[in-house]
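Asks: Submitted below is the structure of interest, expressed as structure tokens.
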Amino acid sequence: MWVMSKEITTDDREDGQPKYRSVTGADKRVTYKLAAETHHYAKKDRRETNEDLCQGATRDTGSQVTSIAKSFYDRHLFNQHIEPIENIVRVVGAGGQEVPFLGYVTIHVSFPETDVGIRGTLTTLALVVPNNSYNQRVPVIIGTNLVKQCRNACQQIAGKNFLQTAKVSSAWKRVYQFVQSQDRFLQRQDSFGAKVKSTSRHPTTIAAHETKILMGLANSCPGSLTQVVVETSTGSDQVAGIVVTPGLVTVGPHKSSCRVSVEITNNSDHTVVIPAKAVLASLKIAKDVITPTATEDTATTNCNDDFSNLFYLEATNLNAEQKRRTMDMLKKVSYVFARDQNDLGCAPDIEHEIHLSDSIPAWQPCRRVSPGQLEEFTESIEQMLSSGVIRESKSPYASPAVLVRKKDGGLRVCVDFRKINSKTIRDAYPLPRISDTLEALEGARWFCSLDLQSGYLQVRVAEKDKPKTALTTPFGLYEFNRMPFGLTNAPATFQRLMERCLSGLNLKICLVYLDDVIVFARTFEEMLERLEAVLRRLGEFGLKLKPSKCKLFQTKLTYLGHVVSESGVEPDPEKIFQHYPNGWRIHREIERNCKPF
1 MWVMSKEITT DDREDGQPKY RSVTGADKRV TYKLAAETHH YAKKDRRETN EDLCQGATRD
61 TGSQVTSIAK SFYDRHLFNQ HIEPIENIVR VVGAGGQEVP FLGYVTIHVS FPETDVGIRG
121 TLTTLALVVP NNSYNQRVPV IIGTNLVKQC RNACQQIAGK NFLQTAKVSS AWKRVYQFVQ
181 SQDRFLQRQD SFGAKVKSTS RHPTTIAAHE TKILMGLANS CPGSLTQVVV ETSTGSDQVA
241 GIVVTPGLVT VGPHKSSCRV SVEITNNSDH TVVIPAKAVL ASLKIAKDVI TPTATEDTAT
301 TNCNDDFSNL FYLEATNLNA EQKRRTMDML KKVSYVFARD QNDLGCAPDI EHEIHLSDSI
361 PAWQPCRRVS PGQLEEFTES IEQMLSSGVI RESKSPYASP AVLVRKKDGG LRVCVDFRKI
421 NSKTIRDAYP LPRISDTLEA LEGARWFCSL DLQSGYLQVR VAEKDKPKTA LTTPFGLYEF
481 NRMPFGLTNA PATFQRLMER CLSGLNLKIC LVYLDDVIVF ARTFEEMLER LEAVLRRLGE
541 FGLKLKPSKC KLFQTKLTYL GHVVSESGVE PDPEKIFQHY PNGWRIHREI ERNCKPF
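Laid out in structure tokens, this is it:
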């Protein structure tokens, strides 16, 4: 096991020379020292020579991968085989130059809990690089792949705002903050999306199997000069029958819009008429642009480590071989896991419909938003627009927004649909009885809890009913393309979808209650097989899971207000009201009514 040393924070001396400070570890046998010039750690066991056990490391937030020098490998990891990865991943430096490497090894890393905020061992991949003058001094570079694993583990334990409560060293806190800001920047890039509308004031006719190049105007552009992908729009406003030839164009920086040429083909057997100002295509940020050469195979550029970082298997009771097999299985069905908050699935075979008792529009005025929440509210609306959850509306219906703080401190945009709900004809589709479903867990020893990524938002709203979902805000009227929370029949629609999706598996190898799915089994082998079957079925129905909310291979977990384990089902202690605070009326009523007995 590679154990990183504890960090000691130092300041520069007045004469500009670096300070050195050493402390004795908890076991009284290990000394840690920080060399301020190189910011690397040296660990020395007093029973061994410094040459044998000297380990150096530096955190490099500019590096996406963790790397170790060949000399470090020869000294400490020689019993592990270096795996070749020439055909799996390409590593380039900041200037775009190829970085030589010998392959990769799997390493097990643990840090002092007081430094990084978590206890336990992390498993990650590390590139083995040839020796050079620098890595002879600093043989280990901790990349953001390992930093993000630590961050994800902290968030899973203490929530997104773990930096406010967890004990983390000041240096690691800065690293975590940098990674957080980097992720927010990438999310803003990932969330960019624009519709390209025809600039023609007149309808355009395209004959069957004909291709034309039309000029379009994008409704927004990135803030900097950026390469974007032009592709067929997936929205309901896309003209049927036409296909956009995908291509790269360079756009920006513009404040609001930019012109884009779009190559369109009519693949149908009849003439298609494109209305004036119709949506022609959509724009998305190009993630990676690689120019192929005669000596370079660029068919595959991928880093499996990013996917591994989505899961924290150290909290399980699995051994190393079981963890490896689990990750191999998860990688085979990686398409079912959302990579970010905008990566929403979409169930193709079901739509939410709203049937009303009358046709009189339900309207409510917009509610006031406090100045302190206005910026967050605006960002939330923009994010929902860019991800296609909502669109601009001219509906006569209007329901006001209600802003609620999440447990992690973020802002949740809810909608007060009470007026539209009062006119909605009820869907009597039943929800499962919790007591009945829990009986199916008898005899199970392993459990996996799966949680969908914004489950309701993976269901489309029927086109004719979208105006009924209109949301009024201080800066406009919008309507939902995806099913929002708060509608009367939303639970019935979603339960119908989930039971249809997991038909034949529900109550046999898994339980489903709305967007909560639990897979159960008696053995590891059985669980691995059942989990893969459930994940594949979810993928077939276009649904996506939120990795951070999925708890895999647990022997005990909380499900629907109960704690399930090999021992059986028992109430969740946190849900039991054990003590009534003094002064409560209910306390006085119970005391008064029970006194005669």
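Anchor point for the sequence shown: position 487 equals 487 in full-length UniProt numbering, and the numbering is continuous, going up by one each time.
All C-beta atoms in this analysis are idealised placements derived from N, C-alpha and C, irrespective of residue type, glycine included.
Being a predicted model, the structure only gives us computed values, none of them experimental.
1. Is there a C-beta anywhere in chain D that falls below 8 Å from the one on Thr106?
2. Taking the continuous beta strand (DSSP E) assigned at Leu545, which residues delimit it?
3. Can you tell me which of the three DSSP states Pro571 falls into?
4. My assumption, with CB atoms under 8 Å, is that Ser399 sits in contact with Leu471. Please give the rounded CB distance.
5. Around the Cβ of Val512, are there at least 16 other Cβ atoms within 10 angstroms (buried) or fewer (exposed)?
6. Evaluate Gly568 with the Cβ neighbour count: other Cβ atoms within 10 Å of its Cβ, from every protein chain shown; 16 or more gives buried, anything less gives exposed.
7. Looking at the secondary structure, which residues open and close the alpha helix (DSSP H) in which Ile381 lies?
8. Fully enclosed by the segment 414-459, which alpha helix (DSSP H) runs are 4 residues long or longer?
9. If Leu214 and Leu280 are in contact, beta carbons under 8 Å, what's the gap, nearest whole angstrom?
10. Starting from the C-beta of Ser387, find all residues in its chain whose C-beta is less than 6 Å away, skip the five residues before and the five after it, and write them out in chain order.
11. Look up Pro246 in the DSSP assignment and say whether it is helix, strand or coil.
12. Whose CA, out of Arg324, Leu403 and Val175, lies closest to the CA of residue 619?
13. Pick helix, strand or coil for residue 608, following the three-state DSSP scheme.
14. Give a yes or no on whether the C-beta atoms belonging to Leu356 and Lys423 are separated by under 8 Å.
15. Tell me the DSSP bridge mates of Val461?
16. State buried or exposed for Ser435, treating a residue as buried only when at least 16 other CB atoms are found within 10 Å of its CB.
17. Examine the Cβ distances between the segment 259-269 and the segment 196-210 and report whether three or more of them are shorter than 8 Å.
18. Going by DSSP, what residue range makes up the alpha helix (DSSP H) through Arg367?
19. Whose C-alpha, out of Leu543, Lys173, Ala362 and His202, is nearest the C-alpha of Tyr335?
20. So the candidates are Pro396, Ser67, Val116 and Arg433; which of them puts its Cα closest to the Cα of Asp465?
21. Could you name the residues that DSSP lists as bridge partners for Pro400?
22. Assign residue 598 to buried or exposed, taking buried as 16 or more other Cβ atoms, counted over all protein chains shown, within 10 Å of its Cβ.
23. Buried or exposed: which applies to Ile425, given that a residue is buried once 16 or more other Cβ atoms fall within 10 Å of its Cβ?
24. Which whole runs of the beta strand (DSSP E) in the segment 127-203 are 3 residues long or more, in chain order?
25. Below 8 Å on the Cβ atoms is my contact criterion, and I expect Asn481 with Ile390 to pass it. Report the Cβ-Cβ distance as a whole number of Å.
26. Between the alpha carbons of Glu379 and Asp183, how many angstroms are there, rounded?
27. Is the segment 115-128 touching the segment 513-522 in the sense that three or more CB pairs, one from each, lie closer than 8 Å?
28. Quick one: what does DSSP say Tyr32 is sitting in, helix, strand or coil?
29. Near Leu127, what residues of its chain come up, given a Cβ to Cβ distance below 6 Å and the 5 sequence neighbours on each side ignored?
30. If Val461 and Thr473 are in contact, beta carbons under 8 Å, what's the gap, nearest whole angstrom?
31. Just tell me which of Thr437, Asn506, Leu528 and Leu535 has its CA closest to the CA of Leu452.
32. Pull the bridge partners of Gln238 from the DSSP assignment, please.
33. Could you work out which residue in Ile242, Ile107, Val260 and Glu479 is closest to Val273 when comparing CA atoms only?
34. From the DSSP output, which residues share a beta bridge with Glu479?
35. Would you report the Cα separation of Glu321 and Leu431, rounded to the nearest angstrom?
36. Specify the secondary structure class of Cys269 as computed by DSSP and reduced to three states.
Replies: Let's see:
1. Of the protein chains in this structure there is only one, and it is not chain D.
2. Segment: none, Leu545 is in no beta strand (DSSP E) and carries neither H nor E.
3. strand
4. 6 Å
5. buried
6. exposed
7. Taken as a continuous stretch (DSSP letters only), the alpha helix (DSSP H) holding Ile381 covers Pro371 to Ser386.
8. 418-421 and 434-438
9. 6 Å
10. Hits under 6 Å: Asn342.
11. Reduced to three states, the DSSP call for Pro246 is coil.
12. Residue 619 is absent from the structure shown; the chain starts at 1 and stops at 597.
13. In the structure displayed, the chain extends from 1 to 597; residue 608 sits before or after that span and is not available.
14. yes
15. His352
16. exposed
17. yes
18. Counting along the chain, Arg367 falls outside any alpha helix (DSSP H), and DSSP gives it neither H nor E.
19. Leu543
20. Just measuring C-alpha positions, the residue of Pro396, Ser67, Val116 and Arg433 sitting nearest Asp465 is Pro396.
21. Thr472
22. Shown here, the chain extends from 1 to 597; a query on residue 598 therefore has no answer.
23. exposed
24. 140-142 and 193-198
25. 6 Å
26. Straight across, the Cα-Cα distance linking Glu379 with Asp183 is about 16 Å.
27. no
28. Its pLDDT being 28, under 50, Tyr32 is placed unreliably in this model, and the coordinates cannot settle the point.
29. Val65, Ser67, Phe101 and Tyr104
30. No, Val461 and Thr473 are not in contact; Cβ-Cβ is about 18 Å, not under 8 Å.
31. Leu535
32. Val279
33. Ile242
34. Arg391
35. 39 Å
36. Sequence inspection shows Asp at residue 269; the Cys mentioned does not correspond to that position. Residue state, collapsed to three classes: coil.
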